[in-house]
Amino acid sequence: MAEAIKKLYRSRSNRMLAGVCGGIAEYFAMDPTMVRIALVLLSLLGLSGVIFYILAVLIIPIEPEGKK
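Take the sequence shown: its position 65, counted from the start at 1, is 64 in numbering that gives the first Met the number 0, and no numbers get skipped.
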């Protein structure tokens with residue numbers, strides 16, 4: 000039987016700012032706190048974590064209303 004195709008969305012339910020980290024965590028079945036910590040570390044190390052987050056907000060669509 001064919002598996003459902005997973006799609007990356009910004010989370011509606013697991014969000015702090017725009018739901019990017021929550022959506023990434025849901026997509027990879029991870030703890031959202033770990034994704035947030037990784038983003039903060041990337042930002043502090045100068046690896047453009049903030050730019051990545053802003054681009055992700057603009058590119059990744061928000062989760063549809065009825066999903067979940």
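A virtual CB, placed ideally from N, CA and C, is assigned to each residue, including glycine.
The alpha-carbon separation between valine 39 and alanine 24 amounts to approximately 15 angstroms. Judged by their CB atoms, isoleucine 58 and arginine 11 are not nearer to each other than the 9 angstroms cut-off. Under DSSP, isoleucine 61 forms a beta bridge with Arg9.
Within 10 angstroms of the beta-carbon of glycine 22 lie 16 or more other beta-carbons, which makes it buried. For glycine 22, the enclosing alpha helix (DSSP H) has its first and last residue at 19–27.
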